[in-house]
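Number of protein chains: 2
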Amino acid sequence: MNSTMQKISIEKVKESKIDQVDFNNLAFGSVFTDHMLVCDYKNGAWETPKVVPYQPISLDPSAKIFHYGQSIFEGMKAYKDTDEKVWLFRPLDNHKRLNISAKRMSIPEIPEEFFMEGLKTLLEVEDKWIPQTEGSSMYIRPFMFASGNGFHASPANAYKFMICLAPSGAYFSGKVKVLIEEKYSRSANGGVGYAKTGGNYAGQFYPTQLAVEKGYNQVIWTDDHSHEYIEEAGAMNIFIRINDTLITGPTSDRILDGITRKSILQLAEKKGIATEVRKITVTEVVEAAKNGSLKEMFGAGTAAVVSPISAFGYRDVDYDLPELEDSYASQIKKDITDIQYNRSEDPFGWRVGL
Amino acid sequence: MNSTMQKISIEKVKESKIDQVDFNNLAFGSVFTDHMLVCDYKNGAWETPKVVPYQPISLDPSAKIFHYGQSIFEGMKAYKDTDEKVWLFRPLDNHKRLNISAKRMSIPEIPEEFFMEGLKTLLEVEDKWIPQTEGSSMYIRPFMFASGNGFHASPANAYKFMICLAPSGAYFSGKVKVLIEEKYSRSANGGVGYAKTGGNYAGQFYPTQLAVEKGYNQVIWTDDHSHEYIEEAGAMNIFIRINDTLITGPTSDRILDGITRKSILQLAEKKGIATEVRKITVTEVVEAAKNGSLKEMFGAGTAAVVSPISAFGYRDVDYDLPELEDSYASQIKKDITDIQYNRSEDPFGWRVGL
């Protein structure tokens, strides 16, 4: 990569809109800060990123993002501790995964320095916007898309890397009820399921809408061939506790390598919880629900952190999960958020100060 | 749908840029006309489309097109005959397919009147731009995407339907060499392969780049489970002639229901060419290449019309196809383009005058 970074320039807004925001009633990802980071890829190189006022993007109608779906993103959070110090959680893993997605989608990879310095500079400018209220954090959305023009179905010659910030509350409120899906699928072997690319999300909306109409919140995807293996939920990886063992499926070219997922595996191991990373069949989960050995199911992802599942539906039958006093989900959520908000030691070296 | 259409308004450019265009050297989809059609979906309804000067689109950085891939499109052409009369080819089929794609991607369907009247009005305004030069046509790109804002992974509440026009020459020049792909896949059972959505194209770019580096022009996709069944090429459906029978795979939820594909089947039948719509295995094609019964392979699609394949690669072996004097590909291409350009009778009722 022949991209060399100069000092990041900062163009500030004349007047902040922070006073219009009610930080005690933040929704998820719907209020944006005063500034954003923009970095253009042109003539085979990334230009130096710039912090500019949050503003509309102007694109030619033939820009390939509108036609051929070259788009990728990451989801991250920044946390403010009681001393007003700001922390990131495993940010280099997000950078790595962004570039893994980039490669699969024929988007040029972005150097670590551009990503990390861009992120830090933007967060420093927006420090006042980072919420300190319980359960809130600064949701960070790095994204890249094809801005180059033309109707030829081939990779674009120009791209934008951007970061926007949204002070946010919880993604899901309360427990979620999920439907194990057997007709629609999320991804193919040899496809793009492991990339965090727009099309993977758009493809889930319709089946999810159908599930919502039946009273569920999310879909649990199964493999597209046999529909017998549990893969992941829409925006989350899935964990299943049978007796006292915590099980999650292996990552593959169909499944996103979730950062929360792998953190939970490490954390559980350290806590002495038995973990298994292996294929899980729907039959096994249904059997476990019937014989009472199924104790918990929960989703794991940056947006939702740990999202307990109250029930799952399969072939027109709903299976309720027990209400546990001291669930793995609540223990793990507490341990991870304690690390994220600097309320505990971080034996893993996950926390990165701004 | 509670969308009611008023009269389409037309805002003309002050000065046309048509004089800057060399109509004898048109590339594919890289020169755009003076105007475009824009139609907004807001508050649960499509507003009346407008013809406006071709201009950049302005979108919030959180617009869902950048993050969640809700985008669909169609490819069509307008043809000018020697009397300067303009013709479309099966335009209602494009409208139908756009709405099939829309439903799968949770995008609101657009009424036929909005699509057809919008298209006709725009083409009338741009009549001078429709090329009459041999082999050229007006490439028409209707597309729809999520313009609504927010980082929640759910369908947007606002969309844009647009049509842009690009006077264009041939998509491929010359014969293409294809690679039968066994590692990467285009689509999953129960996925979005049958929808003309951006992500289906972006996902093909990287495997296609790898094929191009090995000397091929395109990839022939196989099923994601066994890689034994031939599905389609990137921007084309595939036809295979064994002896005197023309074979193409059945459409499915993984394969685009190509308008050129189904036109070829009807046309071949009328010409007395035996056709078969059935699954084709790679083994069968390789055997046919070895024993000499494989006579032709060609791609079919709006952009390329009929695109003869000169050779295919499979497991590091290249199989050349014979050069035929009066190939089905050339016969069919002539018959279809004669209908499209009003050079022959149209017994099928495919041609629609503007």
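Here the protein sequences line up with chains A and B, keeping their order.
Going by the numbering used here, the first sequence opens with residue 1139, and the numbers climb by one from there.
Going by the numbering used here, the second sequence opens with residue 1139, and the numbers climb by one from there.
For glycine and all other residues, C-beta sits at the position ideal for the given N, C-alpha and C.
Item	Value
By the criterion of Cβ-Cβ separation under 9 Å, what are the contact partners of A/M1088 in chain B?	Because chain A is modelled from 1139 through 1492, residue 1088 of chain A falls outside the range shown and cannot be assessed.
Use the C-beta contact count for B/G1312: other C-beta atoms within 10 angstroms, 16 or more gives buried, fewer gives exposed.	exposed
Between A/S1323 and chain B, is there a C-beta pair that is closer than 7 Å?	yes
Determine the DSSP secondary structure at B/D1198, reduced to helix, strand or coil.	coil
Does the region 1363-1372 of chain B come close enough to the region 1222-1240 of chain A to have 3 or more Cβ pairs within less than 8 Å?	no
On a Cα-Cα basis, can you pick out the residue from B/P1187, B/E1212, B/I1248 and B/Q1208 that is closest to B/L1260?	B/P1187
Does DSSP classify B/D1361 as helix, strand or coil?	coil
Do A/R1279 and B/F1289 have their C-beta atoms within less than 7 Å of each other?	yes
Sort out for me which residues DSSP pairs B/E1414 with in a bridge.	B/I1385
Less than 7 Å between CB atoms is the rule here; does B/P1191 satisfy it with respect to chain A?	no
Suppose you measure from the CA of A/G1328 to the CA of A/S1244; what does that come to, to the nearest Å?	15 Å
Compile a chain-ordered list of the residues in the region 1364-1384 of chain B whose CB is closer than 7 Å to at least one CB of chain A.	G1372 and A1373
When we look at the beta-carbon of B/D1172 and count the other beta-carbons within 10 Å, is it buried (16 or more) or exposed?	buried
May I ask which residues mark the beginning and end of the beta strand (DSSP E) holding A/E1434?	L1432 to G1439
DSSP beta-bridge partners for A/Q1498?	The structure shown does not extend to residue 1498 of chain A, since chain A is modelled only from 1139 to 1492, so the question has no answer here.
According to DSSP, is A/N1162 helix, strand or coil?	coil
What whole-angstrom Cβ distance do A/F1281 and A/F1211 have, given they're in contact under 8 Å?	4 Å
According to DSSP, simplified to helix, strand and coil, what is B/V1263?	helix
Would you please state the rounded distance, in angstroms, between the beta carbons of B/K1315 and B/G1491? I believe it to be under 8 Å.	Incorrect: roughly 38 Å between the Cβ atoms, too far for contact.
Looking only at DSSP bridge pairs, what is A/A1183 linked to?	A/K1180
Report the residue from A/Y1339, A/G1286 and A/I1301 whose alpha carbon sits nearest the alpha carbon of A/A1294.	A/G1286
Would you list the residues sitting across from A/N1375 in a DSSP beta bridge?	A/A1438
What number of angstroms, rounded off, separates the C-alpha of B/T1419 from the C-alpha of B/P1446?	20 Å
What span of residues does the beta strand (DSSP E) with A/D1458 cover, start to end?	V1455 to D1458
Under 7 Å between beta-carbons, which chain A residues line up against B/R1279? List them in chain order, please.	F1289
Can you check whether the C-beta of A/Y1339 is within less than 7 Å of a C-beta belonging to chain B?	yes
Assign A/P1191 to buried or exposed, taking buried as 16 or more other Cβ atoms, counted over all protein chains shown, within 10 Å of its Cβ.	exposed
How many angstroms separate the CA atom of A/Q1478 from the CA atom of A/A1441?	13 Å
Under 7 Å Cβ-Cβ, which residues of chain A neighbour B/N1327?	S1323, D1362 and H1363
CA-CA distance, A/S1364 and B/K1321?	19 Å
What did DSSP end up calling A/S1209 once you bin it into helix, strand or coil?	strand
In its own chain, which residues sit with a C-beta less than 6 Å from the C-beta of A/A1406, not counting the 5 before and 5 after it?	L1384 and T1413
Output the distance between the C-alpha atoms of B/K1493 and A/K1266, rounded to the nearest integer angstrom.	Because residue 1493 of chain B is not part of the residues shown, which for chain B are 1139 to 1492, the question remains open.
How many Å lie between A/I1411 and A/D1382 at the Cα?	7 Å
Tell me the DSSP secondary structure of A/G1491 in three-state form.	strand
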